[in-house]
Amino acid sequence: MRHWKLFAALAIAIGSIWFSGCAGPESVNAPRSVTAYSGARLLTGDGSVIENAVFVVENGRFTRVGRDDGTLPAGATRIDLAGKTVIPALLDAHSHIGYMKNLSSGPENYTRENILDHMNRFAYFGVAASMAMGTDFGELPYQLRDEMAARRYPATARFLTTGKGLAPIDEIRPDNMRHSATLVTTPEDARREVRALAARNIKIVKTWVDSRGGSVRKLTPEVYTAIIDEAHKHNMKVAVHATGLADVKLLVRAGVDGLAHMVSDVDDELLDLLKAHPNVYFTLCFGGPHRLVYAPWIDPPHPLIRETVAPEQIERLRKRLAGTKPDARARAQAAWDKMARGLARINAAGITIGVGTDGGGQTGDQFVGWTMHTELENMVAAGMTPGQVIVAATRTSARIMGLDDLGMVAPGKSADFVVLDANPLDDITNTRRINKVILRGNEVPRAALAAAWQAAMGPAAGAK
Ligand SMILES: [Zn+2]
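Start counting the sequence shown at 796; every next residue gets the next number (our numbering).
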């Protein structure tokens, strides 16, 4: 019953933007729409700040960006953003899309409807695109990726996929996301499966090298070296889930491109290796470990959480975090302190750092879209500046994800940006003070989306 209400309400919300999109900037026959946004403080995505900026959007793209000199293109509609701060729409290079649905998480939720619902959640939170890292299966992810590339959804976040991840036997289980990976046991398997992903036009291969506390036989160096070598032959990157210092060193030596999580510790040898392999990047996924020791946003729940997450799911996470035993909390604090010191060192060394959040992940209640904002806060807590963090979440992540037209407010780029009521350079949590989100020149119908989610949650949520 509930999900029909959600479906109907979302269909109305999305239908209205769909038609406005078809009749507006995306249509060939429509008159050219020109909109000039003026007066805001603009963080362009490369670290520069333009006070009293003007940027012009035509047919879903930025055509002019600079200081407001009072001149506007003929016929432009002017939108006054005085007092606001504008950032490029954020990008999440590591998530798990389509599984989470209120209290349940599993492949039974992995439907077109639920994936699109997640992409609407990303859009609501100011995220322009998110890449599902190795937990997709079937034809659906490829269909959706291609529909997104064809701009079929004017104001929804873009869905990207690494296809099925490549994993050793112990990582593959019938439960939840563990069922979806492809088994590789020999270098020959590895090469064959990488070629299969290349045929699907996959750009980043996901794999796992983690003993999970000694409970899992890891992928061997022989096999992951074959994955990396074959991927590079096909102009693909390899991003690995690995957190152990020794494993990460071996992987960097083997030519891995991306580290999908923060390494547990950083020493001089790793720093030297990273400097010698300047193309290696990190997407940190800090939220899981850090929230055990720092999650003020759950109690009381942040308004953005209340608007998008069912009360019973909020309560489940609140209870879980509040119930963390003192010894577990002490271990989490020690692990976090070490990771934070490590991040400060790799950041100071100029290593490439993008943003991944594990949103939708099975470790539980990684609220889709919200995790972006906690991840940015975590990165600042670990010693990066807010300015560096905004660049990481925009231009750097766009490069990592291969999205040439995203990550900056600059002429020629897709008009994907977030209008904020306060400056995130003053306080990174100001990325949560979202005034509006524009994707491909179209405003995301945030109020309609929130109303649809509230309706689906039932009267208990609406009464709060
Ligand atoms: Zn993950």
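Glycine is no exception: its CB is placed at the ideal position from the N, C-alpha and C atoms.
These numbers come from a predicted model, not from an experiment.
Residue i: which of the options sits nearest, CA to CA?
i            : options                  : result
residue 1059 : 1040, 831 and 1198       : 1040
residue 972  : 1220, 1005, 892 and 1070 : 892
residue 1139 : 1163, 1066 and 1097      : 1066
residue 1155 : 916, 938 and 842         : 916
residue 988  : 1167, 1023 and 864       : 1023
residue 1075 : 1192, 964 and 845        : 1192
residue 1217 : 1099, 1092, 879 and 1086 : 879
residue 1049 : 874, 1061 and 1068       : 1068
residue 931  : 862, 918, 968 and 974    : 974
residue 1094 : 1203, 1117 and 1085      : 1117
residue 845  : 857, 858, 995 and 862    : 862
Rounded to the nearest angstrom, what separates residue i and residue j at their Cα positions?
i            : j            : result
residue 1029 : residue 1009 : 33 angstroms
residue 1244 : residue 896  : 16 angstroms
residue 1056 : residue 1152 : 9 angstroms
residue 1005 : residue 957  : 19 angstroms
residue 1220 : residue 983  : 49 angstroms
residue 1128 : residue 1080 : 16 angstroms
residue 1248 : residue 1114 : 22 angstroms
residue 1251 : residue 1102 : 11 angstroms
residue 877  : residue 860  : 16 angstroms
residue 1121 : residue 1110 : 20 angstroms
residue 1160 : residue 853  : 39 angstroms
residue 1207 : residue 948  : 20 angstroms
residue 882  : residue 1213 : 5 angstroms
residue 1112 : residue 831  : 42 angstroms
residue 850  : residue 1187 : 22 angstroms
residue 1211 : residue 865  : 23 angstroms
residue 822  : residue 952  : The pLDDT assigned to residue 822 is 41, lower than 50, so where the model puts this residue is not dependable; a value taken from the coordinates is nonetheless given after this. Each residue's alpha carbon lies about 20 angstroms from the other.
residue 818  : residue 908  : Here the model assigns residue 818 a pLDDT of 35, short of 50, so the residue's position is not dependable, and the following value carries that caveat. One C-alpha to the other measures close to 24 angstroms.
Cβ-heavy atom distance between residue i and ligand 1 below 8 angstroms?
i            : result
residue 1187 : no
residue 1122 : no
residue 962  : no
residue 1149 : no
residue 958  : no
residue 1156 : yes
residue 1153 : yes
residue 1057 : no
residue 767  : Because the chain in this structure spans residues 796 to 1259, residue 767 falls outside the shown range and cannot be described.
residue 895  : no
Can you list, in chain order, the stretches of the beta strand (DSSP E) that have 3 or more residues and sit fully within the segment 1127-1193?
Uninterrupted beta strand (DSSP E) stretches at least 3 residues long and entirely within the segment 1127-1193 occur at 1147-1149, given in chain order.
I'd like the ranges of any alpha helix (DSSP H) spanning at least 4 consecutive residues and lying wholly in the segment 940-1006.
Within the segment 940-1006, the complete alpha helix (DSSP H) runs of at least 4 residues are 982-994.
Which runs of the alpha helix (DSSP H) at least 4 residues long sit entirely within the segment 1000-1081? Give them in chain order.
If we require 4 residues or more, the alpha helix (DSSP H) runs fully inside the segment 1000-1081 come out as 1016-1028, 1040-1048 and 1063-1071.
Is there contact here, the segment 1224-1233 with the segment 1168-1176, by at least three beta-carbon pairs under 8 angstroms?
Yes, the segment 1224-1233 is in contact with the segment 1168-1176.
So does the segment 1104-1115 actually touch the segment 1129-1136, counting three or more Cβ pairs closer than 8 angstroms?
Here the segment 1104-1115 makes no contact with the segment 1129-1136; the two share fewer than three CB pairs at distances below 8 angstroms.
Can we say the segment 882-889 touches the segment 912-927, given the rule of at least three CB pairs closer than 8 angstroms?
In short, these stretches touch, since the Cβ pair count reaches three.
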